[in-house]
Amino acid sequence: MNINAIVMFFIFVALTLAITWWAALRTHTRTDFYAAGKAIGGLQNGLAIAGDFLSAATFLGITALVYVAGMDAMLFVLGGTLGWAVILLMVAERLRNLGTYTFSDVAAFRLERGSVRTMSALGSLAVAIPYLLAQMVGAGALIQILFGLPYEIAVVGVGVLMTFYVTFGGMIATTWVQTIKAVLLLTGGTIIGFGVLSLVQFDFGSLVSAAVAAHAKGPAIMAPGVLYRDTITVVSIGLSFVFGTAGLPHVLMRFFTVPDARQARRSVAYAIGFIGYFQSLIFIMGLGAIAYVSTNAEFLAADGSLIGGANMAAVHIAKVIGGDLFLGFISAVTFATILAVVSGLTLSAAAAVSHDLYANVFRHGKSDNATELRIARITTLLIGVITITLAMLLEGENVAVLALIALSIAASVNFPVLFLSMYWRRFTTRGALAGGYAGLAVSLILVVLGPTVWVSLFGFEKAIFPYDYPTLFAMPANLAFACWFSLRDKSRRAAAEVASFDTQWIQSEIGVVNQRA
């Protein structure tokens, strides 16, 4: 049991509880709960976006992939940065000008709102659950090491805290927790990265040589093919990152917290800088873990495996760099990372049920503040129970793999519908529903039949679908169905939806003009 880590852990928990109490006093309306009153500035929102995206899957999971497979993990490092270019160039401004609280507001802007919102809400939930599981699995492993608690108890504790933050603090608390966490994570990552380089006199070649010498696969880790040997997986990973990032509901919600589209664009610019910088440190951390953790008996179990599993490589290299005190800091930061991300994810899932389904589908936009907030809080409790239960069954699963499954679903379900709704004149409700449900069905079926669920969760010996990520199959299915059914739709409603595209375009552009004026 690490006393330093435990003390810092409780300091952070106390700080976040204080923030939640402060935020709860300022959360009175739907706008406060879902969008922090639309009063967050570009710099803070950029930090919060980075805090949202730089999750346990990034810090723990990608470092673990570098530790296990070396160069193949660069797919995750580069992809995690490139996806933001799509958001900056195609999504951020128009999303902010056309939407209110969720991306479903934009997807259904000129279409039949009830049916499209229902489909979008189901897509949001399908993305949120595996992404939440990634954070919960990482949290369970971390608390297990810090406190010596059973994994199941650790997962329950994190789930209870997550539920408390969202239920009472909403987006205001989530934004501040994400901002503070981003600053701490960037600071901790910088110390680890430069600390690792200092061990080799800032000679990156020497670090690579030390990692190659320590790894069981030797020089092979610096070439592609250790982890992924097939083209389908590589292409699916690339598509998931580039287009899935722009389909993550909890990330897209962040663009509704700023006052105008200029601040939305500025948020993305800041976020790209923060995320790109941290991703560049990940590879250094992973190589450092290979060189200085895998060769140190202090971090190895009796069978030679890493204590806590590969997901803990980043935590162990922190101890190599700064001893127990710095380990305590990094452990607290990692826990902050998990809490910040699960708060944003849970909030987006709750909004999908309370705002998209209850308020706009069942109540046809006529719900009152108090009832909608109560539905959101009840949904938060249910999501907490579901994710705690599933996380217990996925102990030891790589958190980066779980998070990428969520990105794959986002790219296959949410992004095509959102993009076509904003940019294609001929897009109709019939096309949106056909494409969205096709992408959802194909992605979920293939995920269930794939290695993560069929083998790791269900316990079968061999997966029916041999790939972890279905993006290469599900995303084209969405686009094909959406385009085919839109072009074949000759109904009166379709004609009105095509005609209303000009109104949508004008409204989004007027928003930009007014904000620049």
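At position 409 of the sequence shown (counting the first as 1) the number is 1799 in the numbering used here, and the numbers step up by one without a gap. All residues carry an ideal CB built from backbone N, CA and C; glycine is no exception. All of these numbers come straight from a predicted model, not from anything done at the bench.
query, result
"Rounded to whole angstroms, what is the Cα-Cα separation between L1763 and L1437?", "26 Å"
"In this structure, what does DSSP give as the bridge partners for L1696?", "L1690"
"Does A1498 come out as helix, strand or coil in the three-state DSSP assignment?", "coil"
"Using the Cα positions of A1708 and V1732, report the straight-line distance between them to the nearest angstrom.", "23 Å"
"In chain order, what residues of the same chain have a beta carbon less than 7 Å from the beta carbon of L1433, not counting five sequence neighbours either side?", "Y1660"
"Suppose contacts are defined by Cβ-Cβ distances below 8 Å. Is E1542 in contact with M1782 by that definition?", "yes"
"Suppose you measure from the CA of G1451 to the CA of A1572; what does that come to, to the nearest Å?", "17 Å"
"For my contact list, D1858 and P1614 are in at a C-beta cut-off of 8 Å; report their separation, rounded to the angstrom.", "About 17 Å separates the two Cβ atoms, so there is no contact after all."
"Please say whether I1795 and P1540 have beta carbons closer to each other than 8 Å?", "no"
"Decide yes or no for the touch test of the region 1799 to 1808 against the region 1862 to 1870: beta carbon pairs closer than 8 Å, at least 3 of them.", "yes"
"I need the DSSP call for R1416, collapsed to helix, strand or coil.", "coil"
"Buried or exposed, going by whether 16 or more other CB atoms sit within 10 Å of the CB of H1754?", "exposed"
"Please check the pair S1745 and T1492, which I expect to be a contact at CB under 8 Å, by giving their CB distance rounded to whole angstroms.", "At residue 1745 the sequence reads His, which differs from the Ser that was named. Confirmed, Cβ separation roughly 6 Å."
"Excluding sequence positions up to five away, which residues of its chain have a Cβ less than 6 Å from the Cβ of A1722?", "M1398, F1399 and F1402"
"Under 6 Å Cβ to Cβ from S1846, same chain only, skipping five residues before and after it: list those, please.", "E1787"
"What would DSSP say about T1410, mapped onto helix, strand or coil?", "helix"
"Are the beta-carbon atoms belonging to T1647 and M1509 less than 8 Å from one another?", "no"
"From V1602 to D1422, what does the alpha carbon distance come to, in whole angstroms?", "51 Å"
"Whole angstroms are fine: how far does the CA of M1675 sit from the CA of T1887?", "Per the sequence presented here, residue 1887 reads as Glu, with Thr not at that position. Roughly 51 Å separates the two Cα atoms."
"Is it right to say F1443 is buried, meaning 16 or more other beta carbons lie within 10 angstroms of its own, or is it exposed?", "buried"
"Would F1466 and L1455 qualify as a contact pair, given that the criterion is a beta-carbon distance under 8 Å?", "yes"
"Report the three-state DSSP secondary structure of A1659 (helix, strand or coil).", "helix"
"Please go through the same chain and pick out, in chain order, the residues whose beta-carbon is closer than 8 Å to the beta-carbon of A1853, but skip the five residues on each side of it.", "L1839, G1840, P1841, W1844 and V1845"
"On the DSSP letters alone, give me the boundaries of the alpha helix (DSSP H) that P1806 sits inside.", "F1805 to Y1813"
"By the DSSP assignment, the alpha helix (DSSP H) with E1851 in it spans what residues?", "That residue, E1851, is in no alpha helix (DSSP H); it is neither H nor E in DSSP."
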